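Participant: Just dropping this structure here.
Residue numbers (this note's numbering): 116 to 391.
Spelled out as structure tokens, the structure:
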């Protein structure tokens with residue numbers, strides 16, 4: 116057996132095994148602390164209203180959410196099923212942040228390609244990103260109608276920060292890599308596709324994480340204004356008739372949707388970074 120083969124088949128050192136054990140303990144501690152925080156929050160939410168320390172009319176109880184969810188599963192002529200509301204919100208959110216990523220990446224690539232255009236548009240992009248997008252809800256409603264205004268809000272609330280984030284990532288690429296590609300005769304298009312875009316993968320993933328939350332906010336705000344279906348509409352409806360069980364159920368489902376999106380993007384990030 117060669118020396119390389121002997122090293123490959125050698126058992127891990129005690130120091131390495133001890134390090135792995137510390138890593139596992141640290142991971143378990145983080146997960147246990149997260150679960151403990153959630154349990155404490157749910158217990159306080161259940162106990163404080165029932166002890167009348169907090170007004171139960173304003174907060175409802177965790178134990179009331181499941182019966183409310185089951186009752187909302189039934190579709191009536193006056194009200195769609197809660198699954199229909201959830202699907203409408205999820206679909207609008209996914210379309211919104213997908214559109215923001217595609218459009219934001221395309222605009223950022225254009226600005227990287229044409230630096231003079233970036234110098235012209237930079238102050239406008241910063242101002243557009245800083246403006247409160249909720250002010251545009253009635254305008255989008257008039258321009259786009261009840262349904263499309265929701266998609267417009269989802270896109271508008273996330274596209275400008277996407278452009279700025281991705282362009283900053285493009286600008287952060289090591290200039291020596293670009294010089295090396297130019298030395299080998301690469302065209303500008305080849306530099307963009309072979310150097311800049313692959314080197315900006317962490318920035319793209321970070322923008323995806325930001326967009327998922329912002330697009331969901333945009334959808335909910337749009338549904339508050341004009342929708343007749345969606346979790347935002349359901350929360351608005353529950354608050355208008357003073358049924359906090361419906362409001363809290365809608366908010367809980369939003370939290371679950373956000374968690375699922377976060378986990379999906381985290382898995383994507385792990386897979387992409389492993390391939391890199």
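Here a beta-carbon is modelled for each residue, glycine too, at the ideal position from N, C-alpha and C. Please read all numbers here as calculations on a predicted model, not as lab measurements.
To test your reading of the DSSP string, which unbroken alpha helix (DSSP H) runs of 4 or more residues are found completely within the stretch 216-287?
Facilitator: 230-245 and 252-286
Participant: When the Cα atoms are used, what is the spatial distance from residue 207 to residue 300?
Facilitator: Indexing the chain shown from 1 puts residue 207 at position 92. Indexing the chain shown from 1 puts residue 300 at position 185. Straight-line Cα distance between these residues: approximately 44 Å.
Participant: I need the boundaries of the alpha helix (DSSP H) containing residue 330, first residue and last residue.
Facilitator: Taking the first residue of the chain shown as position 1, residue 330 is located at position 215. Secondary structure note for residue 330: its alpha helix (DSSP H) is the uninterrupted segment 316-341.
Participant: Skipping 5 residues on each side, what residues in its chain have a beta carbon closer than 8 Å to that of residue 198?
Facilitator: Against the chain shown, residue 198 aligns to sequence position 83. Excluding sequence neighbours, residue 198 sits near 188.
Participant: Using only the alpha-carbon positions, how far apart do residue 250 and residue 272 sit?
Facilitator: Working through the chain shown from its first residue, we reach residue 250 at position 135. Working through the chain shown from its first residue, we reach residue 272 at position 157. So the alpha carbons of these two residues sit roughly 11 Å apart.
Participant: For residue 168, does the three-state DSSP call read helix, strand or coil?
Facilitator: If you number the chain shown from 1, residue 168 lands on position 53. Here residue 168 sits in coil by DSSP.
Participant: Check whether the Cβ atoms of residue 186 and residue 161 sit closer than 8 Å, and answer yes or no.
Facilitator: On the chain shown, position 71 is the one that residue 186 refers to. On the chain shown, position 46 is the one that residue 161 refers to. It is not a contact, given that the beta carbons lie outside the stated cut-off.
Participant: Once DSSP output is grouped into helix, strand and coil, what is the label at residue 127?
Facilitator: Mapped onto the chain shown, residue 127 falls at position 12. Correct three-state label for residue 127: coil.
Participant: Tell whether a beta-carbon distance below 8 Å holds between residue 330 and residue 269.
Facilitator: Taking the first residue of the chain shown as 1, we reach residue 330 at position 215. Taking the first residue of the chain shown as 1, we reach residue 269 at position 154. For residue 330 and residue 269, yes; Cβs fall inside 8 Å.
Participant: Return the CA-CA distance between residue 400 and residue 144, expressed in angstroms with no decimal places.
Facilitator: Only positions 116 to 391 of the chain appear in this structure, which leaves residue 400 out of reach.
Participant: Short of 6 Å in beta carbon distance, which residues of its chain neighbour residue 123, apart from the five on each side in sequence? Order them along the chain.
Facilitator: Numbered from its first residue, the chain shown carries residue 123 at position 8. Note that residue 123 has pLDDT 49, beneath the 50 cutoff, so the model's placement of it is unreliable and the number below is only indicative. Within the same chain, residue 123 has no close Cβ partners at all.
Participant: Can you grab the Cα-Cα spacing for the pair residue 334 / residue 291, in whole Å?
Facilitator: Mapped onto the chain shown, residue 334 falls at position 219. Mapped onto the chain shown, residue 291 falls at position 176. When rounded, the distance between both Cα atoms is 42 Å.
Participant: What whole-angstrom Cβ distance do residue 261 and residue 342 have, given they're in contact under 8 Å?
Facilitator: The residue given as residue 261 occupies position 146 in the chain shown. The residue given as residue 342 occupies position 227 in the chain shown. Sure, about 7 Å apart at Cβ, within 8 Å.
Participant: Report the rounded CA-to-CA distance for residue 118 versus residue 287, giving the unit in angstroms.
Facilitator: Indexing the chain shown from 1 puts residue 118 at position 3. Indexing the chain shown from 1 puts residue 287 at position 172. With a pLDDT of only 49 at residue 118, under the threshold of 50, the placement of this residue in the model should not be trusted, and no figure is reported.
Participant: Can you tell me where the alpha helix (DSSP H) holding residue 356 begins and where it ends?
Facilitator: Counted from its first residue, the chain shown places residue 356 at position 241. It is not in any alpha helix (DSSP H) - residue 356 carries neither H nor E in the DSSP assignment.
Participant: With distances taken Cα to Cα, identify the nearest neighbour of residue 281 among 192, 297 and 311.
Facilitator: Taking the chain shown and counting its residues from 1, the one referred to as residue 281 is at position 166. When each option's Cα is compared against that of residue 281, the closest is 311.
Participant: Secondary structure at residue 176, three-state DSSP: helix, strand or coil?
Facilitator: Counting from one through the chain shown, the residue named residue 176 turns up at place 61. Residue 176: coil per DSSP, three-state reduction.
Participant: Taking the alpha helix (DSSP H) that residue 298 falls in, what are its first and last residues?
Facilitator: In the chain shown, residue 298 corresponds to position 183, counting from 1. 290-298 is the span of the alpha helix (DSSP H), which, as asked, contains residue 298.
Participant: Between residue 326 and the rest of its own chain, which residues show a CB-CB distance below 7 Å, the 5 nearest in sequence each way excluded?
Facilitator: Taking the chain shown and counting its residues from 1, the one referred to as residue 326 is at position 211. Here the set comprises 212, 215, 216, 273 and 277.
Participant: Starting from residue 305 and walking both ways along the alpha helix (DSSP H), at which residues does that stretch end?
Facilitator: Taking the chain shown and counting its residues from 1, the one referred to as residue 305 is at position 190. 303-306 is the extent of the alpha helix (DSSP H) around residue 305.
Participant: Taking Cβ positions only, does residue 215 come closer than 8 Å to chain B?
Facilitator: Among the protein chains of the structure shown there is no chain B, as only one such chain exists.
Participant: DSSP on residue 193, reduced to helix/strand/coil?
Facilitator: Residue mapping note: residue 193 aligns to position 78 of the chain shown, counting from 1. In the structure shown, residue 193 sits in coil (DSSP, three-state: anything other than H, G, I, E or B).
Participant: Answer yes if the stretch 359-368 comes into contact with the stretch 224-238, meaning at least three C-beta pairs across the two stretches below 8 Å, and no otherwise.
Facilitator: no
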